[in-house]
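Novice: The structure under discussion is supplied below as C-alpha cells; questions concerning it will follow.
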Amino acid sequence: MFRNDPMWKYKIMNFIIGGAIAVIVSTLLVLGLKIFIPAPEYPSYARDYGSCATGDQACYERQQREYQDRQEEYAKLSKTYGGKIFIAANVAGIIVLLLGILCFALGLGTNIGVGIILSGAFGIIYGYALGWAGADDAVKFGVGVVVALILIGGGVAVNRMHAKAAASVSMPGSDQIKV
Numbered sequence: 003m004f005r006n007d008p009m010w011k012y013k014i015m016n017f018i019i020g021g022a023i024a025v026i027v028s029t030l031l032v033l034g035l036k037i038f039i040p041a042p043e044y045p046s047y048a049r050d051y052g053s054c055a056t057g058d059q060a061c062y063e064r065q066q067r068e069y070q071d072r073q074e075e076y077a078k079l080s081k082t083y084g085g086k087i088f089i090a091a092n093v094a095g096i097i098v099l100l101l102g103i104l105c106f107a108l109g110l111g112t113n114i115g116v117g118i119i120l121s122g123a124f125g126i127i128y129g130y131a132l133g134w135a136g137a138d139d140a141v142k143f144g145v146g147v148v149v150a151l152i153l154i155g156g157g158v159a160v161n162r163m164h165a166k167a168a169a170s171v172s173m174p175g176s177d178q179i180k181v
C-alpha cells in the first residue's frame with residue numbers, strides 16, 4: 003500500500019498530528035467547561051452510624067429526613083447543572099466545529115482542520131451525554147437541528163473544495179493543487 007507512495011511518511015504523520023490535535027483540544031474543551039460550569043458536589047454524610055441510641059426511632063427518622071433532603075437538593079442542582087452543561091458544551095462544540103471547517107477552508111492543513119472538527123464533534127457529544135437529563139426536549143431538538151445543518155453544510159463545503167482541487171490537478175499544465 004505505501005511502497006509506491008513516496009509521501010507515506012507524511013500521511014502517517016498528518017494522521018498522528020490530527021489525532022493529537024483532536025485529543026488535546028477536546029481535553030481543553032472539557033477542562034474549560036469544568037472551570038466555568040462546575041459540577042455540584044455530592045453531599046457528605048455523617049459517618050457516625052451509631053449516634054442514635056438503640057430503639058431511638060425519632061433519631062433514625064431525623065437522620066433519614068436529613069439524608070433525603072440532601073439527596074433532593076443534590077438532584078435539583080444536578081438537573082440545573084445538566085441543562086447548563088448541555089447548552090455550554092454544545093455552543094462550544096459548534097464554535098470549535100465551525101473553526102475546524104474554517105481551518106480546512108483556509109487550507110491550513112487537513113490534519114489541523116480534521117483534528118479541530120473532531121474536537122467540536124466531541125464537545126457536542128459530551129454536551130448530549132452529560133446534560134441529557136437536565137435539558138428540555140425542545141432544546142435538545144433545536145440544538146440537534148442546528149448541529150445537523152452545520153455538519154451537512156460543512157460536508158457540502160468540503161466536498162466542493164475537494165472537487166475543485168481534483169479538477170485543478172487534472173487540468174493540463176497544472177502542477178499544483180489550488181484550493
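If you use my numbering, the sequence shown closes out at 181, no skipped numbers anywhere. Ideal Cβ placement from N, Cα and C applies to all residues, glycine included.
Take the Cβ of V171 as the centre, count every other Cβ of all protein chains shown within 10 Å, and call the residue buried at 16 or more, exposed below.
Specialist: exposed
Novice: Leaving out the 5 sequence neighbours to the left and right, which residues in its chain are closer than 7 Å to L120 when beta-carbon positions are compared?
Specialist: A24
Novice: Rounded to the nearest angstrom, what separates P45 and K81 at their Cα positions?
Specialist: 15 Å
Novice: With distances taken Cα to Cα, identify the nearest neighbour of A135 among A150, I87, I152.
Specialist: I87
Novice: With a Cβ-Cβ cutoff of 7 Å, do V98 and G122 count as a contact?
Specialist: yes
Novice: Whose C-alpha, out of I103, Y47, Q59, is nearest the C-alpha of Q70?
Specialist: Y47
Novice: Label C105 either buried or exposed according to how many other C-beta atoms from any shown protein chain fall within 10 Å of its C-beta, with 16 as the threshold for buried.
Specialist: Its Cβ being crowded by 16 or more others within 10 Å, C105 is buried.
Novice: Taking M163 and A107 to be in contact with their CB atoms under 8 Å, please state how far apart those CB atoms are, rounded to whole angstroms.
Specialist: 7 Å
Novice: Please report the straight-line C-alpha distance between D138 and K78, rounded to a whole angstrom.
Specialist: Cα to Cα, D138 sits roughly 14 Å from K78.
Novice: Does the beta-carbon of Y128 have 16 or more other beta-carbons within 10 angstroms, so that it is buried, or is it exposed?
Specialist: buried
Novice: I need the DSSP call for A168, collapsed to helix, strand or coil.
Specialist: In the structure shown, A168 adopts helical secondary structure according to DSSP, grouped into three states.
Novice: Which residues bound the alpha helix (DSSP H) around I39?
Specialist: Note, I39: premise wrong, no alpha helix (DSSP H); not H, not E.
Novice: Please work out which residues of its chain come closer than 8 Å, Cβ to Cβ, to L31, disregarding the five sequence neighbours upstream and downstream, and give them in chain order.
Specialist: A91, A94, G95, V98, S121, F124, G125, Y128
Novice: Shortest alpha-carbon distance to V27 belongs to which of G133, G117, N113?
Specialist: G117
Novice: Helix or strand or just coil, what does DSSP make of K180?
Specialist: In this prediction, K180 scores a pLDDT of 49, lower than 50, which makes its location untrustworthy; the coordinate-derived value is nonetheless stated afterwards. In the displayed model, K180 falls within coil according to three-state DSSP, outside both helix and strand.
Novice: Could you give the distance in angstroms between the alpha-carbon of G111 and the alpha-carbon of G21?
Specialist: 13 Å
Novice: Can you tell me whether T112 is helix, strand or coil according to DSSP?
Specialist: helix
Novice: What's the gap between the Cα of Q73 and the Cα of Q66?
Specialist: 11 Å
Novice: May I have the straight-line CA-CA distance separating S53 from G102, to the nearest angstrom?
Specialist: 58 Å
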